[in-house]
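Shown next, in structure tokens, is the structure this report addresses.
So, in structure tokens, the structure goes:
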């Protein structure tokens, strides 16, 4: 893999990390827009399988054969740069976004609304045409469910380790599911601020419990999602599209602290401009990614042609 492509994956990872710190935006959405989503899910599934085989085969003297086979299926050239970019992206966002969300909530949500709305076109286009009736129904149900979820009032929980563990296990499922924001789920149960504070203040005890919950949730959910994408790809993408559409409620600029939606009020022009900026950013990312894929396909075709000609 060329250096430029590795740097590109680091930047994609940073964008995913930033998204995970923002209530209402899913890191899975960014992975989908930037073209790495299915490779990430596939790789995570193989890592989970490798861990399971290591735990079952090695103690019984069966060796590392099946574990090694699963690890060789991982797209390490994609996953490692993504992880390198995600951590600093998450830490920077946790530090920088908090004052923006507090001081300029309407403007910030306006920008994010544009980002996510433009992102909806990605899974919709991946389903392809024509849409079947059952896929339209699945999209509608997912949209209604996400709309209802994002309308739940914010709760307040004491960050007991067991609560943190369970919340992290659920939130990490949102990390790999476009349209469902892990940060928003934490906000809904009242653990968003404690988690951001733990990140900023390096509370390693809290973070260790949170990381354990993430590992548990990832190991339980990612294999299911991998299977769904392999066996029921169109339906899964339709549900993702609906989840993205429904989650837009969380990003409506004019809403109360109880998440009641209001008609447009002050700062309409500024918020509208930020909304259009968000749409433009995602559109540019999608166009750039599709051009990259076309270029890679063209180079592969030329290489195959040259190889066959040499023979």
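Residue numbers (our numbering): 2 to 312. Ideal placement from N, C-alpha and C gives every residue a C-beta, glycine not left out.
Going by DSSP, residue 109 is part of the alpha helix (DSSP H) stretching over 106 to 120.
Per DSSP, reduced to three states, the secondary structure at residue 256 is strand. For residue 262, the secondary structure class from DSSP, reduced to helix, strand or coil, is strand. Linking residue 105 to residue 232 through their CA atoms gives a straight-line distance of about 43 Å. In the three-state DSSP reduction, residue 43 falls in the helix class (H, G or I). Cβ neighbours of residue 87 within its own chain (closer than 6 Å, five residues either side excluded): 14, 17, 18. Scanning 100, 37, 149 for the CA closest to the CA of residue 248 turns up 149. In this structure the region 117 to 125 does not lie against the region 216 to 233, because fewer than three pairs of beta carbons, one per stretch, are closer than 8 Å. Put simply, the region 134 to 149 touches the region 232 to 243. At least three CB pairs are less than 8 Å apart.
In the three-state reduction of the DSSP assignment, residue 58 falls in the helix class, which pools H, G and I. Burial state of residue 44 is buried, judged by a 10 Å Cβ sphere holding 16 or more other Cβ atoms. The alpha carbon of residue 127 has as its nearest neighbour, out of 112, 236, 83, 70, the alpha carbon of 236. Counting C-beta pairs with one atom in each stretch, the region 97 to 111 and the region 36 to 43 have fewer than three that are closer than 8 Å, which means they do not touch.
When DSSP states are grouped into helix, strand and coil, residue 151 belongs to the coil group.
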